[in-house]
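S.K.: First the structure, then my questions, so here it is.
What follows is the structure, given as structure tokens:
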């Protein structure tokens with residue numbers, strides 16, 4: 001009687017996805033290559049456009065007076081993470097070109113069912129490749145006397161409309177939180193408009209606590225100028 005054939009070798013378990021392309025393969029479907037990097041003064045024109053779009057979305061264009069000149073004069077005056085810092089979100093339908101920076105860029109690949117139709121590709125195109133700017137987050141250090149530790153305050157977090165609901169906002173906020181942990185900071189804080197229920201739900205799903213008992217107090221414009229000679 002002939003011996004039974006040996007069983008086939010077990011199928012190796014698939015390796016966990018890394019979010020980065022293999023050297024000998026390209027993701028199938030519609031991959032969106034995304035990257036978070038430190039912004040530079042050369043990015044100010046795009047940052048200015050993003051801030052204006054955010055003001056339109058938040059229905060606050062009547063408060064918008066920033067210019068490219070004012071941003072250039074006040075941002076990038078100190079080392080990153082010690083003062084105003086901006087993470088810029090770039091995306092492309094092709095692998096992003098390598099860049100060098102003392103902050104290692106964060107690269108991810110997002111698999112989409114359909115390609116994104118970006119009507120503002122030319123406006124937000126960054127460089128000679130098909131790289132476009134899709135969003136940003138601006139943050140800076142603050143301090144908690146209760147914790148006895150510094151933290152980060154997020155002033156702005158914005159993703160352009162056609163790139164929303166794809167995990168890119170989470171990617172930006174996670175980058176700030178991750179940097180806070182690396183630096184031994186105690187917390188990350190920001191504010192959200194009370195009518196923006198989608199954003200509130202998103203932040204709560206990320207583990208943030210919304211504090212309804214707190215109110216923002218602000219001195220600006222003439223009310224601030226009144227204190228010029230107060231001391």
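Numbering (UniProt numbering), first residue to last: 1 to 231.
For glycine and all other residues, C-beta sits at the position ideal for the given N, C-alpha and C.
(1) Would you list the one or two residues that DSSP bridges to residue 31?
(2) Exposed or buried, which one is residue 91 when buried takes at least 16 other CB atoms within 10 Å?
(3) At a cut of 8 Å, does the stretch 85-101 reach the stretch 114-133 through at least three beta carbon pairs?
(4) Can you say whether residue 61 is buried or exposed, counting buried as having 16 or more other CB atoms within 10 angstroms of its CB?
(5) Between the stretch 188-206 and the stretch 138-154, can you find at least three pairs of beta-carbon atoms closer than 8 Å?
(6) Can residue 147 and residue 86 be called in contact, C-beta distance under 8 Å?
(7) So, residue 134 versus residue 159, is the Cβ gap smaller than 8 Å?
(8) Just to confirm my understanding: we take residue 39, look at its own chain, exclude 5 residues before and 5 after, and list those with CB closer than 6 Å. What are they?
(9) Using only CA atoms, which one of 123, 192 and 209 lies nearest to residue 53?
(10) Tell me whether residue 180 sits in a helix, a strand or coil according to DSSP, three-state version.
(11) Measuring alpha carbon to alpha carbon, tell me which residue in 74, 161, 208 and 201 is nearest residue 56.
(12) Can you list, in chain order, the residues of its chain with a C-beta nearer than 6 Å to that of residue 75? Leave out the 5 residues immediately preceding and following it.
(13) Pairing CB atoms from the stretch 197-208 with CB atoms from the stretch 101-117, are three or more of them under 8 Å?
(14) Just to check my reading of the structure: residue 106 and residue 166 have Cβ atoms closer than 8 Å, yes? What is that Cβ distance to the nearest angstrom?
(15) Beta-carbon within less than 8 Å of residue 68's beta-carbon, same chain only, minus the 5 sequence neighbours each way: which residues are those?
(16) What's the C-alpha gap between residue 219 and residue 230?
(17) DSSP has residue 85 in a bridge; who is on the other side?
(18) Since I believe residue 172 is in contact with residue 36 (beta carbons under 8 Å), could you give me their beta-carbon distance rounded to a whole number of angstroms?
(19) Measuring only the C-alpha atoms, how far is residue 34 from residue 168?
M.R.: If we stick to the structure as given:
(1) 111
(2) buried
(3) Contact holds: three or more Cβ-Cβ distances are below 8 Å.
(4) exposed
(5) yes
(6) Residue 147 is not a Cβ neighbour of residue 86, given a cutoff of 8 Å.
(7) yes
(8) 86 and 88
(9) 123
(10) helix
(11) 161
(12) 84
(13) no
(14) Contact annotation, residue 106 with residue 166: C-beta distance approximately 15 Å; criterion of less than 8 Å not satisfied.
(15) 44, 45 and 48
(16) 14 Å
(17) 139
(18) About 6 Å separates the two Cβ atoms, so the contact holds.
(19) 8 Å
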